[in-house]
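Residue numbers (the working numbering): 1 to 613.
Here a beta-carbon is modelled for each residue, glycine too, at the ideal position from N, C-alpha and C.
These notes concern the structure reproduced below.
Okay, here's the thing in structure tokens:
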């Protein structure tokens with residue numbers, strides 16, 4: 001099929017770009033730089049070991065310094081244990097667990113090398129060829145399927161079919177109930193379009209709960225954070241949830257859903273632990289025979305290792321039984337898109353797969369879980385941030401267009417828009433509703449007129465045009481020091497003397513965020529400062545956006561992706577303040593509309609009004 005061949009070619013371009021960037025970073029930078037980039041933990045301590053499947057070794061590791069650096073090391077990532085004494089001292093493996101400053105790496109070796117006792121150890125992320133291999137394999141498999149109803153529907157060669165469903169869930173609103181019935185009636189495809197604050201997760205949980213009455217359900221999302229949220233909500237509904245992979249955050253409830261935790265509590269696990277301990281003892285005895293020993297000692301050493309291997313084969317059989325038992329008994333299995341190909345569920349088939357946050361999912365990754373199922377429920381919002389694409393050529397070729405976006409265009413009859421939102425004041429909501437959602441959103445009465453205090457202005461555009469706040473280049477980013485100072489002064493003055501509430505100060509530029517973080521470093525913990533992208537899925541009582549761009553050429557860079565702006569504006573519940581230069585922004589019609597909208601509701605002010613006070 002040309003459809004899948006094109007995707008395979010685009011994915012190949014993306015993979016090459018991604019690999020080149022990784023190799024450039026890792027080959028030309030120091031350990032300090034790689035650690036700062038989150039690619040490396042160094043130094044580390046080994047806190048324990050135990051035999052693992054396939055005569056491998058599971059090694060427990062702790063990071064005791066530089067703990068504040070955000071790590072890119074994740075469950076399932078290929079990685080290497082290395083020594084900084086000698087470049088050749090390396091053993092590869094797969095991260096089998098990661099939480100906070102502790103991880104486990106499943107090393108492709110039976111025993112730790114001698115150099116591991118000499119200190120200066122670290123763990124470094126390797127380029128993740130496995131994920132690309134899985135995506136390419138899924139595309140190849142999909143391409144080979146002939147007359148497959150689901151595949152044909154998703155690529156637009158066939159129309160989706162719907163049976164009648166008339167369920168009424170009292171706690172859901174009209175559009176949410178419509179979405180549940182669309183899901184229950186869909187024979188191959190249903191789509192839930194959930195704009196910000198419309199209760200998409202609540203809707204999905206109820207639909208999954210009803211679906212799980214008659215079948216085991218696979219629930220996936222591109223990020224661990226989204227998987228965690230659904231896993232937790234589904235478990236609260238009393239469903240038996242099995243979480244494949246590691247949660248992004250630590251909580252007793254989430255950890256209890258993981259495969260590791262459920263295995264530890266399985267009645268057969270006690271015997272497996274006993275056998276593992278025995279195998280370790282045999283291996284330790286064998287390791288005592290180091291060098292310069294005779295034939296008898298060599299045979300004794302071999303006998304000890306043979307016995308250890310025999311015991312570990314029994315352990316593998318026992319643990320496979322435990323895993324199969326847990327997988328088969330689970331009502332819901334949750335995982336990331338890539339995690340749905342984890343060896344524990346690789347052969348598992350499902351009638352239905354739910355893909356949440358499908359607007360942020362790379363299409364090739366979606367085909368991994370899709371091929372396990374007969375019907376697909378896509379949920380998300382293609383008017384918010386798309387997936388991150390490293391290659392400009394791959395993006396321009398269409399890799400940045402998600403399966404959700406394609407299916408919404410191909411099959412409008414499969415889509416239900418959740419049209420009542422429970423987050424924003426109606427004035428904050430209205431511009432996004434008009435610009436991105438056809439004017440169809442409504443604010444629920446509980447939030448429609450909620451203000452921080454009486455007579456406050458909920459939507460404000462503060463125009464810096466003519467103030468001399470000029471942007472500057474800083475490395476690969478953009479900064480606007482005068483605008484940053486203005487945002488800081490405005491925010492501190494506004495907040496003085498009123499009760500604290502949650503505040504986000506955001507910008508699309510990391511350079512500007514660095515300046516703002518320095519300015520706000522002594523402020524209350526209620527104020528969060530970060531990029532727009534990092535706030536997707538979150539909300540705050542008040543949001544201040546530093547647009548940053550101000551130049552005579554009307555160059556706006558990131559701001560031309562108006563979906564990013566949609567995310568930024570819809571984080572605010574009761575007050576939204578946008579600080580920007582209208583003369584620069586107005587080069588793009590959407591910002592002209594934004595400024596006109598602010599004027600129409602009495603929310604336009606000039607920064608001069610504050611500077612001359």
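Considering residue i, what are the terminal residues of the beta strand (DSSP E) in which it resides?
i           : result
residue 107 : 102-107
residue 354 : 352-355
residue 89  : Run containing residue 89: none; DSSP gives neither H nor E here.
residue 43  : No beta strand (DSSP E) holds residue 43; DSSP gives it neither H nor E.
residue 268 : Counting along the chain, residue 268 falls outside any beta strand (DSSP E), and DSSP gives it neither H nor E.
residue 605 : 604-606
residue 380 : 375-380
residue 124 : 121-125
residue 81  : 78-83
residue 347 : From DSSP, residue 347 is part of no beta strand (DSSP E); its letter is neither H nor E.
residue 157 : Counting along the chain, residue 157 falls outside any beta strand (DSSP E), and DSSP gives it neither H nor E.
residue 472 : 472-474
residue 335 : 332-336
Using alpha carbons as the reference points, say which of the options lies closest to residue i.
i           : options               : result
residue 311 : 324, 280 and 357      : 280
residue 401 : 295, 387 and 87       : 387
residue 107 : 50, 220, 243 and 447  : 50
residue 268 : 261, 321, 260 and 596 : 321
residue 150 : 375, 193 and 327      : 375
residue 569 : 541, 555 and 242      : 541
residue 121 : 246, 195 and 84       : 84
residue 581 : 560, 113 and 546      : 546
residue 259 : 136, 367 and 325      : 325
residue 76  : 556, 381 and 337      : 337
residue 252 : 182, 228, 346 and 25  : 228
residue 574 : 560, 593 and 504      : 504
residue 618 : 433, 385 and 358      : What is shown of the chain runs 1 to 613, which leaves residue 618 out entirely.
residue 158 : 165, 146 and 166      : 146
What residue range is occupied by the uninterrupted alpha helix (DSSP H) comprising residue i?
i           : result
residue 566 : 562-569
residue 368 : 363-370
residue 295 : 295-329
residue 141 : 129-144
residue 151 : 149-154
residue 491 : 481-495
residue 167 : Careful: residue 167 lies outside any alpha helix (DSSP H) and carries neither H nor E.
residue 401 : First-last for residue 401: undefined, no H or E at that position.
residue 515 : 510-519
Where does residue i land, buried or exposed, given buried means 16+ other C-beta within 10 angstroms?
i           : result
residue 98  : buried
residue 343 : exposed
residue 72  : exposed
residue 393 : exposed
residue 578 : buried
residue 548 : buried
residue 614 : No answer is possible for residue 614: the residues shown for the chain start at 1 and end at 613.
residue 453 : exposed
residue 160 : buried
residue 237 : exposed
residue 288 : exposed
residue 532 : buried
residue 205 : buried
residue 445 : exposed
residue 191 : buried
residue 543 : buried
Just to confirm my understanding: we take residue i, look at its own chain, exclude 5 residues before and 5 after, and list those with CB closer than 7 Å. What are they?
i           : result
residue 141 : 371
residue 130 : 78
residue 524 : 500
residue 422 : 197, 199, 444, 446 and 447
residue 601 : 427 and 459
residue 436 : 383 and 566
residue 271 : 318
In chain order, what residues of the same chain lie with their CB nearer than 6 Å to the CB of residue i, ignoring the 5 residues before and after it?
i           : result
residue 410 : 156
residue 467 : 607
residue 591 : 585
residue 217 : 208, 211, 332 and 352
residue 403 : 363 and 366
If you drop the 5 nearest sequence neighbours on each side, which residues of the same chain put their C-beta closer than 8 Å to that of residue i?
i           : result
residue 470 : 480, 482, 550 and 551
residue 40  : 31, 34, 122, 123, 124 and 125
residue 115 : 83, 85, 86 and 89
Discussion item. Ignoring anything shorter than 3 residues, give me the beta strand (DSSP E) runs that lie fully in the region 186-255, in order along the chain.
Written reply: You should have 189-193, 217-221 and 241-243.
Requested in this report: For the region 2-57, list the alpha helix (DSSP H) runs that are entirely contained and at least 4 residues long, ordered along the chain.
Outcome: Qualifying alpha helix (DSSP H) stretches, in chain order: 2-28 and 31-36.
Along the chain, which unbroken stretches of the beta strand (DSSP E) at least 3 residues long are found entirely within the region 524-591?
Correct list: 527-531, 540-546 and 572-580.
Please specify which runs of the beta strand (DSSP E), each continuous and at least 3 residues long, are wholly inside the region 413-459, giving them in chain order. The qualifying runs are 415-417.
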